[in-house]
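**Student:** Here you go, one structure.
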Ligand SMILES: [Zn+2]
């Protein structure tokens, strides 16, 4: 089982970690609401977990062009 991080905007892979050594609480998932978890975390049929984050490139693009962000985040 692996945890794969991808950018939610450009879908680029941002790395993965083997989750056999860690728990969800160590990943920080327990800080998220159920709604946020379903939005950010996807459980694949093979047991892998996909976590949608924002890469540096897209973060900079959004900061310089906030109108690009179509979905508002409750964390901001
Ligand atoms: Zn991106």
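In the working numbering, the protein residues as written are 2 to 77.
Positions of the beta carbon are idealized from the N, C-alpha and C atoms, including for glycine.
All values reported here derive from a predicted model rather than from experimental measurement.
Please look up how many angstroms separate the CB atoms of residue 52 and residue 44, rounded, as I've assumed it's under 8 Å.
**Tutor:** Incorrect: roughly 10 Å between the Cβ atoms, too far for contact.
**Student:** Determine the DSSP secondary structure at residue 24, reduced to helix, strand or coil.
**Tutor:** Here residue 24 sits in coil by DSSP.
**Student:** Please report the straight-line C-alpha distance between residue 40 and residue 22, rounded to a whole angstrom.
**Tutor:** Rounded to the nearest angstrom, the two C-alpha atoms are 24 Å apart.
**Student:** Flag residue 13 as yes when its Cβ comes closer than 7 Å to any non-hydrogen atom of ligand 1, and as no otherwise.
**Tutor:** yes
**Student:** Short check: CB of residue 42 to CB of residue 30, under 8 Å?
**Tutor:** yes
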